[in-house]
Amino acid sequence: MRSLRGPLALLTAVFITGLAALGLISASDPPRADTARLNDAIQRLSAVWPHPEEAGLDGMADELRVVDASGNPVSLTARTEGSTEGGDADGQVVNQAGGLRTMQWTGEHRPLAAPVVVDGRVVAWALLDDGHNAAVAAHQRTFFWASAATLTAGFLLLLTLLMWINARVLVPFRKLERFASRVADGDLSAPLEMDRSNAFGAWTESFDLLRTELAASREREAAAQASKEALIAQIGHDLRTPVATISATAELLQLTEDSPAARERLRVIQSKSSQVDGLISDLFRAHADEIAALSVNPMDLETDEVTALMREADHGRLMEIAPLPAVLVRADRLRLAQVIDNVVQNSYKYAGTPIRVSGRIEEEALRLSLTDAGPGVAPDETGLIFARGQRGRNAAHAAGAPGQGLGLFTCAQLMERMGGHIEADLPDEGGLTITLSLPLA
């Protein structure tokens, strides 16, 4: 708040200066009445009365007025013989108009007044305008204007200070308040406007630095979370195929092994494989919402590579793969392998029959059809089995077929992200056909 010191000091200085000026004006003595001149005029008039023109007061005609005991003005200047203008033959008493002018002059100047006494009798009144009242009025006017100037300057400075405080303190504070509210709501994208000239200049920079650090921290956290989710999701997908292979191999060896001890060990292997498969299903279900974290990077693949992926997934050797059209398709090799693994594993679990694979070019895509001879699904379930958590009604009756209904949902998500799609059909001869559409390169 250092920037407030200047305006506050200036406002204080103006008030102190104004108060000092008012103090000096009020402490100064107002002009005093000139009673000495009035007394001198009275003595001179008393000495020559009733001939005031002989008092030698001609030089005071502008500031001295004399009225007789009846209130009629008396002339202080000598009259020529026979003069009657404004008075009688002696030139002493003026007419009624002169009396009115004297009354007007008295009202305007508020002169000092004292009686002219001759032989113990008041014969006239002397009225002297010594400028005292005008000086007092000027003194009062000076005090008034000094007070008005001090108050006006103080008000203007106070108004300026309030406007300055609003511009430099209140407005920036409201901006900080709105910024803090946006940050609290999670909006870290809008920067805080920098202005070092206001009272919160340094704080503004610190607040925006805090926003930047929070945004960077959130990005790092999101990246770490995405990396973890991608790893978990990928492990959950990639472990199922080898575990299924181990389980199927152990089951096959049990059928050919003569030794009871060896068959028991193979049974344990198969049992533990099923247990691991269940744990993988639980892991996959817990991270079902994290499928989007899986990276998908489509590339050009030859159909020979696609055939190789299908043979890698067919550990039970149940697939009958017809020659595929020699074309290039756009797909992520790893994600396509996961899709094929899921489809093949579903067929193993629910059908357990040979799987016929064929391919054709249709609508700028390679359509791979995998058809088994199992019980299939109900006609109204061909679209539902690709929804999250959905399994066909026959799945509950498939022995040794654990699952959470996430395999085909994952396939649909990955195929869509690769630019293709997956669908299910019921062939006339029975079973189920899963068709993968891969866009041509």
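If you're matching positions, the sequence shown starts at 88 in this note's numbering and goes up one per residue.
All C-beta atoms, glycine included, are put in the ideal place defined by N, C-alpha and C.
Predicted model, so just to flag it, every value in this text is computed and none were measured.
Strand pairing of residue i, partner residues [DSSP]
i           : result
residue 510 : 522
residue 247 : Looking at the DSSP assignment, residue 247 forms no beta bridge with any residue, so it has no partner.
residue 32  : Examination of residue 32 is not possible in this model, given that the chain is present from 88 through 528 alone.
residue 527 : 416
Per-residue burial, residue i [other beta carbons within 10 Å of its own, 16 or more giving buried]
i           : result
residue 231 : exposed
residue 160 : buried
residue 246 : exposed
residue 464 : buried
residue 274 : exposed
residue 458 : buried
residue 209 : exposed
residue 158 : exposed
residue 255 : buried
residue 128 : buried
residue 432 : buried
residue 413 : exposed
residue 511 : buried
residue 385 : buried
residue 452 : buried
residue 207 : exposed
residue 402 : buried
residue 442 : buried
residue 555 : The structure shown does not extend to residue 555, since the chain is modelled only from 88 to 528, so the question has no answer here.
residue 507 : buried
residue 214 : buried
residue 272 : exposed
residue 164 : exposed
residue 347 : exposed
residue 409 : exposed
residue 447 : exposed
residue 518 : buried
residue 354 : exposed
residue 418 : buried
residue 502 : buried
residue 327 : buried
residue 455 : buried
For residue i, three-class secondary structure by DSSP
i           : result
residue 383 : coil
residue 137 : coil
residue 489 : With a pLDDT of only 46 at residue 489, under the threshold of 50, the placement of this residue in the model should not be trusted; the figure read from the coordinates follows. Coil at residue 489, not helix or strand.
residue 484 : Residue placement at residue 484 is poorly supported in this model, since its pLDDT is 47, which falls under 50; the coordinates still yield a value, given next. Residue 484 falls in the helix class under three-state DSSP.
residue 257 : helix
residue 278 : coil
residue 469 : coil
residue 517 : coil
residue 474 : coil
residue 346 : coil
residue 364 : helix
residue 272 : coil
residue 207 : coil
residue 262 : helix
residue 326 : coil
residue 588 : With the chain covering 88 to 528 only, the question about residue 588 has no answer from this structure.
residue 502 : helix
residue 197 : coil
Every unbroken alpha helix (DSSP H) inside the segment 389-467 [4 residues or more]: Look at the segment 389-467 and you find these whole runs of alpha helix (DSSP H), each 4 residues long or longer: 390-400 and 420-437.
At least 3 beta-carbon pairs within less than 8 Å: the segment 343-363 vs the segment 299-318: No: fewer than three Cβ pairs fall under 8 Å.
Validate contact between the segment 396-411 and the segment 356-364 using beta carbons, cut 8 Å, 3 pairs: At 8 Å Cβ cutoff, the stretches do not touch.
Stretch-stretch touch, CB-based, cutoff 8 Å, three pairs: the segment 424-438 with the segment 493-501: Inter-segment contact for the segment 424-438 and the segment 493-501 is present: three or more beta-carbon pairs are separated by less than 8 Å.
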